[in-house]
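In the numbering used here, the protein residues as written are 20 to 165.
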């Protein structure tokens, strides 16, 4: 599965059972971690129980992976969420987490818009097959760890 063809949906467990659970979109930045740039109410304080649904453009199975934890990140006055997944996705990441200093500058430059900041920082790009994300820095093909 290539990263360019992965859709990531954060779904409420309470409403997913009734067929309408989508509450936010996100990016898979590691096999077990998803960034949610526009967290819905209840996600950051843990009152919203969510799973992450990952689907590829192929006709393979759709993954539904429960979230085991949420981290609220605040940079340059903006808030976003990083979800930890119960198991690793079979999909390749479709984004990388920028260095905090670069992300903070991009958020400030985009008036607190985390989604625009990620896109401007070049973080939401297809990750070439065979590339490795550095576990320490979460950067594809990290020059510091090569």
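Each residue gets a CB set at the ideal place from its N, CA and C atoms; glycine is no exception.
Between residue 27 and residue 113, the CB-CB gap stays under 9 angstroms. Apart from the 5 residues on each side of it in sequence, residue 60 sits with its Cβ closer than 8 angstroms to the Cβ of 67 in its chain, given in chain order.
Residue 72 sits away from residue 32, with the two beta carbons spaced by 9 angstroms or more. Separation of residue 44 and residue 130 (C-alpha to C-alpha, rounded to the nearest whole angstrom) is 20 angstroms. In terms of Cβ geometry, residue 100 and residue 92 form a close pair [threshold 9 angstroms]. Here DSSP, grouped into helix, strand and coil, assigns residue 49 to strand. For residue 124, the closest alpha carbon among the candidates 106, 97, 84, 105 is that of 97. Excluding residues up to 5 positions away in sequence, 51, 84 lie with their Cβ nearer than 8 angstroms to the Cβ of residue 106 in the same chain. Nearest in C-alpha terms to residue 143, of all of 127, 122, 86, is 122. Non-local C-beta neighbours of residue 134 in its own chain, meaning closer than 6 angstroms and more than five positions away in sequence, comprise 56, ordered along the chain. For residue 27, the enclosing beta strand (DSSP E) has its first and last residue at 25-31.
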